[in-house]
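Residue numbers for the sequence shown, in our numbering: -13 to 304. Glycine included, C-beta positions come from ideal geometry on N, C-alpha and C. A quick write-up on the structure given underneath.
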Amino acid sequence: MLHLRAIVPAERTEAVCKELAACAGATNVVVIEGAARAPRGDLVTADIARESANEVLDALRALDVDRDGSIALDKVDLTLSDRAELAKDLAPGHGDDAVVWEELDRQVSEGTALTWSFVAFLVLATQLAAIAALIDSPVLVVGAMVLGPEFAAIAAICYGLVRLQPGRIVHAVRALVIGFAVAIAVTYACALAARWTGVIELDRLPDDRPLTAFIYSPDRWSFIVALLAGAAGVLSLTAGKSSALVGVFISVTTVPAAGNLAVAMALKHGSEINGSLLQLGVNVAGMIIAGTLTLLLQRAVWYVVLRQRGRRNAVRGT
């Protein structure tokens, strides 16, 4: 369940309550008149089944509550209420299958922001991946995968493609390009410094790296894994399954490829430079393709669910 908290101009409170009453997935509606001071209005709260969230948000936005008041939705971890259980049963579909588009919009918006923390995490993850390449350590590769923040930007590209928002796509691509460029440049500089000071004693990366060779050796499985990871990542975001998202992070080799690229450039290992670039491109492309198709499929499936509910309601009405 989700908890709705809305500040509503007093003259629109009755209309908001009518919309909530008409929604099968809304219950436990509470109105406190004149409770809000900035902006002024009534406080309206309700429990909303996740699968009815889009319906409620669309209705409130149609009444300009978002413009003249405020709308907030919070996830409720525990609700002990027969009315709430009934609302979930009456709402169309299942909560895990519903995409709350406004929620997803806010999540992916963070991925398009080129913030200090985004670049810092990417630099640290790439540094770990570079060390993993030098000592052939799969443990550090996994650590670099988990630490990398790049999937949020990739998800933003997928969302922008589905919602036809070129501005969002441009900002997400900018964050990815600049973020990876800075991370690779910093790691390259550190690798050069380490080589000049004798910390790195290799003239080039080892040809035999049985545990981490997959980082710079893309094949058809690399693309298949990227497709699966992209689909799983988008599903984890839309369903709110953070544990599944961690699994996505340790499935793709975007950051490890970037770290290997930086070290290979510092040690002038041409074949691994090309392989790392190709691996990075294959992973990003695969995740964007799969993530976009997953969102399109989710939208289509939910359209079918809503149509079926409409037909059932029409039959009951007759």
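A check of alpha carbon separations from Ala218 across Ala158, Ala199 and Ala141 identifies Ala141 as the nearest. When DSSP reads this structure, Asp33 sits in a beta bridge with His(-11) and Thr13. Residue state for Gly277 is assigned as helix, using DSSP reduced to three classes. Contact between the region -6 to 5 and the region 24 to 37 is present: 3 or more CB-CB pairs across the two stretches fall below 8 Å. A direct Cα-Cα distance of roughly 33 Å separates Lys74 from Met273. Put simply, the backbone Cα of Val51 is about 33 Å away from that of Phe137. Judged by DSSP in its simplified three-state form, Gly245 adopts helix. With respect to the 7 Å criterion, Thr31 and Arg(-9) are classified as neighbours on the basis of their beta carbons. Following the DSSP letters along the chain, one finds Lys61 in no alpha helix (DSSP H) but inside the beta strand (DSSP E) bounded by residues Ser56 to Lys61.
Nearest to Pro135 by C-alpha distance, out of Ala119, Gly97 and Leu114, is Gly97.
Pairing Asn14 with Val287, the inter-Cα distance amounts to about 29 Å. Counting C-beta pairs closer than 8 Å gives fewer than three between the region 94 to 114 and the region 42 to 56, which falls short of the contact rule. Closest in C-alpha terms to Glu37, from the list Leu214, Thr112 and Ala225, comes Ala225. For Val(-6), the pairing in a beta bridge is given by DSSP as Asp28.
Rounded to the nearest whole angstrom, the CA to CA distance from Ser208 to Asp60 is 38 Å. Ile155 carries a helical assignment under DSSP once its states are collapsed to helix, strand and coil. Sequence-distant Cβ neighbours of Ala35 in its own chain, meaning closer than 7 Å and more than five residues away, are Met(-13), Gly11, Ala73, Lys74, Ala77 and Gly81. Annotated three-state conformation of Ala252 is helix, per DSSP. It is roughly 8 Å from the alpha-carbon of Asp122 to the alpha-carbon of Pro196. Rounded to whole angstroms, the separation of the alpha carbons of Gly277 and Val220 is 6 Å.
One thing to note: Val290 has its Cβ no nearer than 7 Å to the Cβ of Thr198.
Counted as a single uninterrupted DSSP element, the alpha helix (DSSP H) harbouring Tyr145 occupies residues Glu136 to Arg149. By alpha-carbon distance to Ala212, the top candidate from Val62, Ala8, Arg160 and Gln265 is Gln265. Within the same chain, Leu133 come within 8 Å of Leu110 by CB-CB distance, once the 5 residues on both sides are set aside. Taking the Cα positions, Leu49 is about 19 Å away from Asp33. In this structure, the CA atom of Leu90 is about 47 Å from the CA atom of Trp182. In this structure, the straight-line span from the alpha carbon of Gln113 to that of Gly153 is close to 31 Å.
In the DSSP annotation of this structure, the continuous segment of the alpha helix (DSSP H) that includes Pro124 starts and ends at Pro124 to Leu133. According to the DSSP assignment, Leu72 belongs to the alpha helix (DSSP H) that extends over Asp68 to Leu76. Contact between Ala39 and Val2 is ruled out by a C-beta separation of about 15 Å, above the 8 Å threshold.
Cβ-Cβ separation between Ser203 and Gly261: approximately 6 Å, consistent with a contact (criterion under 8 Å). Judged by DSSP in its simplified three-state form, Ile18 adopts strand.
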